[in-house]
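Here's the structure, in structure tokens; my notes come after.
Number of protein chains: 2
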Amino acid sequence: MAKTLFDVVDELDNFPYYENDPDLSQEHLKVYHAFKVNGIDGILGYVPNAVVESFPWPKDSWIIDSTAQTITLLSPPDATVAARSEMMAQTLRQMAASGDFKILQGWRDERFPVYGPCGEVVVEIERSASALFGIITCGVQMVCYTEDVHDGSPRFWIARRSRSKQTYPGMLDSTAAGGLSAGQLPRDAMICEAMEEASLDLGLLEASMRCVGCISYFHVRGRLAGGETGLLQPELEYLYECKMRAEDQIPKPKDSEVEDLRLWTVDQVLGALKNGEFKPNSAVVFIDFLIRRGLITPEMEPRYIEIITRLHRRLPFPSPRRFNSSR
Amino acid sequence: MAKTLFDVVDELDNFPYYENDPDLSQEHLKVYHAFKVNGIDGILGYVPNAVVESFPWPKDSWIIDSTAQTITLLSPPDATVAARSEMMAQTLRQMAASGDFKILQGWRDERFPVYGPCGEVVVEIERSASALFGIITCGVQMVCYTEDVHDGSPRFWIARRSRSKQTYPGMLDSTAAGGLSAGQLPRDAMICEAMEEASLDLGLLEASMRCVGCISYFHVRGRLAGGETGLLQPELEYLYECKMRAEDQIPKPKDSEVEDLRLWTVDQVLGALKNGEFKPNSAVVFIDFLIRRGLITPEMEPRYIEIITRLHRRLPFPSPRRFNSSR
Numbered sequence: 001m002a003k004t005l006f007d008v009v010d011e012l013d014n015f016p017y018y019e020n021d022p023d024l025s026q027e028h029l030k031v032y033h034a035f036k037v038n039g040i041d042g043i044l045g046y047v048p049n050a051v052v053e054s055f056p057w058p059k060d061s062w063i064i065d066s067t068a069q070t071i072t073l074l075s076p077p078d079a080t081v082a083a084r085s086e087m088m089a090q091t092l093r094q095m096a097a098s099g100d101f102k103i104l105q106g107w108r109d110e111r112f113p114v115y116g117p118c119g120e121v122v123v124e125i126e127r128s129a130s131a132l133f134g135i136i137t138c139g140v141q142m143v144c145y146t147e148d149v150h151d152g153s154p155r156f157w158i159a160r161r162s163r164s165k166q167t168y169p170g171m172l173d174s175t176a177a178g179g180l181s182a183g184q185l186p187r188d189a190m191i192c193e194a195m196e197e198a199s200l201d202l203g204l205l206e207a208s209m210r211c212v213g214c215i216s217y218f219h220v221r222g223r224l225a226g227g228e229t230g231l232l233q234p235e236l237e238y239l240y241e242c243k244m245r246a247e248d249q250i251p252k253p254k255d256s257e258v259e260d261l262r263l264w265t266v267d268q269v270l271g272a273l274k275n276g277e278f279k280p281n282s283a284v285v286f287i288d289f290l291i292r293r294g295l296i297t298p299e300m301e302p303r304y305i306e307i308i309t310r311l312h313r314r315l316p317f318p319s320p321r322r323f324n325s326s327r
Numbered sequence: 001m002a003k004t005l006f007d008v009v010d011e012l013d014n015f016p017y018y019e020n021d022p023d024l025s026q027e028h029l030k031v032y033h034a035f036k037v038n039g040i041d042g043i044l045g046y047v048p049n050a051v052v053e054s055f056p057w058p059k060d061s062w063i064i065d066s067t068a069q070t071i072t073l074l075s076p077p078d079a080t081v082a083a084r085s086e087m088m089a090q091t092l093r094q095m096a097a098s099g100d101f102k103i104l105q106g107w108r109d110e111r112f113p114v115y116g117p118c119g120e121v122v123v124e125i126e127r128s129a130s131a132l133f134g135i136i137t138c139g140v141q142m143v144c145y146t147e148d149v150h151d152g153s154p155r156f157w158i159a160r161r162s163r164s165k166q167t168y169p170g171m172l173d174s175t176a177a178g179g180l181s182a183g184q185l186p187r188d189a190m191i192c193e194a195m196e197e198a199s200l201d202l203g204l205l206e207a208s209m210r211c212v213g214c215i216s217y218f219h220v221r222g223r224l225a226g227g228e229t230g231l232l233q234p235e236l237e238y239l240y241e242c243k244m245r246a247e248d249q250i251p252k253p254k255d256s257e258v259e260d261l262r263l264w265t266v267d268q269v270l271g272a273l274k275n276g277e278f279k280p281n282s283a284v285v286f287i288d289f290l291i292r293r294g295l296i297t298p299e300m301e302p303r304y305i306e307i308i309t310r311l312h313r314r315l316p317f318p319s320p321r322r323f324n325s326s327r
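Going down the list, the sequences are from chains A and B. For the first sequence, full-length UniProt numbering assigns the number 1 to the initial residue and increments by one for each residue that follows. For the second sequence, full-length UniProt numbering assigns the number 1 to the initial residue and increments by one for each residue that follows.
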């Protein structure tokens, strides 16, 4: 059965809301330990109980409180980011070596930042381990589009992921996208991804690419995400647009990750959204674009308000406040 | 001292968040009675205890539970919207006649809808009384702008409110704005307001105006709002843009409500935002515009994420799901 646009959002932002049902929400949290860092206030993520219980966490680096359901990195309160990150990395290498964690088979050797209560970086963590700890991860996504010369309606450059990819094989995707590593500015990350994934020129991107906002949602990972299911993925995605003129170069796949990149009309995109053909967190990038352009309106979409508020969820963990690198 | 953009948002969205501090949030709610309608699930708004206690609510229409802190309209469970609305109107006329409620001195003879759990209209309520009940109110706001022929940078048509207005006198405002009455479609309401407040032609609006999203926030009314302070105003504002070309007509005030309407540059708008010159819920319309256009970026604004999520707050009351009139 065709999905509604609300279904698409609801399947992505699928961690329960406390306000909707406090009991259900508390029940859901019982299967996780809160991830904390010694000396830092607040909860920074959630680790599934099964992950906490299936690994001999080094006692000099971690303390587990089974009653309070917390797992805390035991770095000294005044430790540097580098020192905490090295402590974390040692544990993660042992976890990967154990072979017990499917998601760590996708080891990236790329680090994601974890933010503290003032938006400062507290510790960095190997990218493939971020969902094990349920920390906020940040990404960038770009929609390149052309405008019809007659009626101004947009056509979107949409990628189809390679059918051999581990995650979301064969699904539709934004023109270019990627994760935001520690120390990277969103704009720089977006430019890199657009050059690498869509073969676009730096000059074109610097002239025509612009940031148009940010979406946020709290996802519980399912089967297509790869790795263990039930891992938490609270995410922030900075959104970029790039309007291409007739004389501009055409986005092209550079490597085998992308099967093809071609132009889609608004109606084709709406059809593919309803058929569930998009990678979930790329689907909502197109929904947000269509809302910003007045192509999805309050009059045509009954759950317009809910779609917009759900795509800008205030996450229950600290988020970044500035992008000065800590290094 | 100059405000930051985050301060501007924080002063508007100033009802505490449960997740930040459950105790403070519960404490804050103790000064209100939950507004309910007999036979309808859930809380539809909040009435300050002082309002509940200072009026002899007709016993055949209302039941007050001082322990549970609820005030419930006693319409039959299967009552029509018209029947509930008439019951509400009778009470409100008595409240206005008592002279005890400053906010009812601004009686509008215009009704706002109150939504139930499935987004359906449950009851309609005189506009000036909506904040007494703390129900969600919906509005429309439009920014008309031109683009610089050389660098494409926008210039905004900004209204200054008359210095004799009761609410927010002399403050800056969007090009046109208004409340959404019962049975009105957002687009129709926006067109009406733009014709009435900015003297714009229907033809221009139909060709160039587009809906670009919605913002939502939970406001506790202060002194400049007029009427009692401490009243709650959870609000949804549908946002519209209208790009004006050189040959288009110029927005002009039609009545004495608007002192002037003139073109402002981006830097002038940012300066006025920081000086607190805008009506609070118009200020954020310009912040949202500047974010959508890439003129406020994650690299320049440290609290970019918080600004965006706070401006799309998920309100703790049912919101509209469609705009078919119930009448």
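By construction, the Cβ of each residue, glycine as well, lies at the ideal position given by its N, Cα and C atoms.
Proximity to residue i [Cα-Cα], best of the options
i: B/Ile-291; options: B/Ile-308, B/Cys-144, B/Val-31 and B/Glu-235; result: B/Ile-308
i: A/Pro-154; options: A/Leu-92, A/Val-258 and A/Arg-245; result: A/Arg-245
i: A/Asp-200; options: A/Ala-182, A/Lys-243, A/Ile-215 and A/Arg-161; result: It is Leu, not Asp, that sits at residue 200 of chain A in the sequence shown. Here the closest residue by C-alpha is A/Lys-243.
i: B/Trp-264; options: B/Phe-286, B/Gly-227, B/Gly-222 and B/Asp-255; result: B/Phe-286
i: B/Glu-141; options: B/Ser-282, B/Pro-320, B/Ser-319 and B/Arg-303; result: Rather than Glu, the amino acid found at residue 141 of chain B in this sequence is Gln. When each option's Cα is compared against that of B/Gln-141, the closest is B/Ser-282.
i: A/Gln-69; options: A/His-150, A/Val-52, A/Glu-124 and A/Pro-77; result: A/Val-52
i: A/Glu-237; options: A/Tyr-217, A/Tyr-18, A/Arg-160 and A/Gly-227; result: A/Tyr-217
i: B/Arg-108; options: B/Glu-257, B/Ser-181 and B/Asn-275; result: B/Ser-181
i: A/Ser-208; options: A/Leu-261, A/Gly-222, A/Arg-187 and A/Arg-223; result: A/Arg-187
i: residue 328 of chain A; options: A/Arg-293, A/Gln-94 and A/Ser-54; result: Examination of residue 328 of chain A is not possible in this model, given that chain A is present from 1 through 327 alone.
i: A/Val-122; options: A/Gly-45, A/Lys-252 and A/Pro-253; result: A/Gly-45
i: B/Leu-202; options: B/Asp-248, B/Val-212 and B/Ile-158; result: B/Asp-248
i: A/Leu-185; options: A/Phe-35, A/Arg-322, A/Lys-36 and A/Tyr-18; result: A/Arg-322
i: A/Asp-173; options: A/Lys-279, A/Asp-288 and A/Glu-19; result: A/Lys-279
i: B/Pro-77; options: B/Asn-38, B/Ala-83 and B/Ser-54; result: B/Asn-38
Cβ-based burial, residue i [other Cβ within 10 Å; buried from 16]
i: B/Arg-312; result: A quick correction: the sequence has His, not Arg, at residue 312 of chain B. Classification for B/His-312: buried.
i: A/Thr-229; result: exposed
i: A/Val-31; result: exposed
i: B/Asp-13; result: buried
i: B/Arg-327; result: Low confidence applies to B/Arg-327: its pLDDT is 36, below 50, so where it sits in the model is not reliable enough to give any reading.
i: A/His-219; result: buried
i: A/Thr-175; result: buried
i: B/His-33; result: buried
i: B/Glu-110; result: exposed
i: B/Thr-72; result: buried
i: A/Leu-232; result: buried
i: A/Pro-318; result: buried
i: B/Pro-320; result: buried
i: B/Leu-273; result: buried
CA-to-CA distance, residue j to residue i, given in whole angstroms
i: B/Leu-239; j: B/Ala-194; result: 13 Å
i: A/Val-9; j: A/Leu-295; result: 17 Å
i: A/Phe-112; j: A/Pro-234; result: 13 Å
i: A/Asp-21; j: A/Phe-15; result: 12 Å
i: B/Ser-325; j: B/Gly-183; result: Residue placement at B/Ser-325 cannot be trusted, given a pLDDT of 42 that sits under 50; what the coordinates show is reported in the next sentence. If you take the alpha carbons of B/Ser-325 and B/Gly-183, they lie about 4 Å apart.
i: B/Asp-267; j: B/Pro-298; result: 18 Å
i: A/Phe-156; j: B/Ile-40; result: 44 Å
i: A/Met-171; j: A/Ala-225; result: 12 Å
i: B/Arg-314; j: A/His-28; result: 20 Å
i: B/Leu-270; j: A/Leu-5; result: 35 Å
i: A/Glu-277; j: A/Gly-152; result: 26 Å
i: A/Glu-259; j: B/Ile-136; result: 47 Å
i: A/Arg-161; j: A/Arg-310; result: 26 Å
i: A/Phe-289; j: A/Ser-25; result: 31 Å
i: A/Leu-204; j: A/Cys-192; result: 13 Å
According to DSSP, residues forming a beta bridge with residue i
i: B/Ala-34; result: B/Tyr-46 and B/Thr-70
i: A/Arg-262; result: A/Ile-158
i: B/Pro-216; result: It should be noted that the sequence gives Ser, not Pro, for residue 216 of chain B. DSSP output for B/Ser-216 lists B/Leu-236 and B/His-312 as bridge partner(s).
i: A/Asp-65; result: A/Thr-70
i: B/Leu-200; result: Answer is none; B/Leu-200 lacks a bridge partner.
i: B/Cys-144; result: B/Trp-157 and B/Cys-242
i: B/Met-209; result: B/Cys-242
Are at least three pairs of beta-carbons, each pair with one atom in the region 64–82 of chain A and one in the region 93–105 of chain A, less than 8 Å apart?
-> no
Mind the definition here: the region 160–167 of chain A touches the region 122–129 of chain A only if three or more C-beta pairs lie below 8 Å; say whether that holds.
-> no
At a cut of 8 Å, does the region 44–60 of chain A reach the region 82–94 of chain A through at least three beta carbon pairs?
-> yes
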